[in-house]
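Basically the numbering used here = 1-based index in the sequence shown + 418. Cβ coordinates follow ideal geometry from the N, Cα and C atoms, glycine included. Bear in mind the structure is a predicted one, so any value in this text is a computation, not a measurement. Notes follow the structure.
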Amino acid sequence: MRALQVRAAQPRPRPRPKPLPKPRSKSRPKPAAPAREVVIPPGGCTGWHFHRVPLDAVVLEGTLTRVLHDGTVEVHPAGTSFVEPAGIDHIHLGHNLGAEPVVLRITPALPVGTPFAISTPPPPGVSGASCCR
Numbered sequence: 419m420r421a422l423q424v425r426a427a428q429p430r431p432r433p434r435p436k437p438l439p440k441p442r443s444k445s446r447p448k449p450a451a452p453a454r455e456v457v458i459p460p461g462g463c464t465g466w467h468f469h470r471v472p473l474d475a476v477v478l479e480g481t482l483t484r485v486l487h488d489g490t491v492e493v494h495p496a497g498t499s500f501v502e503p504a505g506i507d508h509i510h511l512g513h514n515l516g517a518e519p520v521v522l523r524i525t526p527a528l529p530v531g532t533p534f535a536i537s538t539p540p541p542p543g544v545s546g547a548s549c550c551r
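Below, the structure written as structure tokens:
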């Protein structure tokens, strides 16, 4: 199994939004955690895991194949997005079955430096799905 690479997401050009009005309250919300970029090499796999909080994910390159806790398989080509729900009831893994790296932009609602995935054994009934081709 090849190791995953996690790196800070590189800014992509996008139109500038109109500024929001200033809040009337003196309390300001804490800044959101920056997006993280995850690279899964060809033949690579995330291993079984779950998340503490929901994650928004966008597939920037390649095609990600996910196996969910109930054995459902979802395929996400470049340009698609999905949400990974939080909690031990949503164990899943991600495969790169293609010939090019899968690049994901993940936006977690976690403080910077907090791990966004927790490794776990496979859920009951789907132990046949593993990180092997």
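Who does residue i pair with in a DSSP beta bridge?
{"i": "Ala475", "result": "Phe500 and Ile524"}
{"i": "Glu492", "result": "Arg484"}
{"i": "Ile506", "result": "Paired residue(s): none; Ile506 is not in a bridge."}
Checking 7 Å against the spacing of the C-beta atoms, do residue i and residue j come in under that value?
{"i": "His469", "j": "Glu502", "result": "yes"}
{"i": "His508", "j": "His487", "result": "yes"}
{"i": "Val457", "j": "Val530", "result": "no"}
{"i": "Val471", "j": "Ala527", "result": "yes"}
Exposed or buried, residue i, counting other C-beta atoms within 10 Å across all chains shown (16 or more means buried)?
{"i": "Gly543", "result": "exposed"}
{"i": "Thr464", "result": "buried"}
{"i": "Thr525", "result": "buried"}
{"i": "Gly480", "result": "buried"}
{"i": "Gly489", "result": "exposed"}
{"i": "Gly497", "result": "exposed"}
{"i": "Pro533", "result": "exposed"}
{"i": "Pro452", "result": "exposed"}
Going by C-alpha distance, which of the options is nearest residue i?
{"i": "Gly505", "options": "Trp466, Thr490 and Val477", "result": "Trp466"}
{"i": "Val485", "options": "Leu511, Phe500 and Arg454", "result": "Leu511"}
{"i": "Gly462", "options": "Leu482, Ala475 and Glu455", "result": "Leu482"}
Are the C-beta of residue i and some C-beta of chain C separated by less than 7 Å?
{"i": "His467", "result": "Of the protein chains in the structure, only one exists, and it is not chain C."}
Inter-stretch contact at 8 Å, needing at least 3 Cβ pairs: the stretch 535 to 542 / the stretch 513 to 522
no
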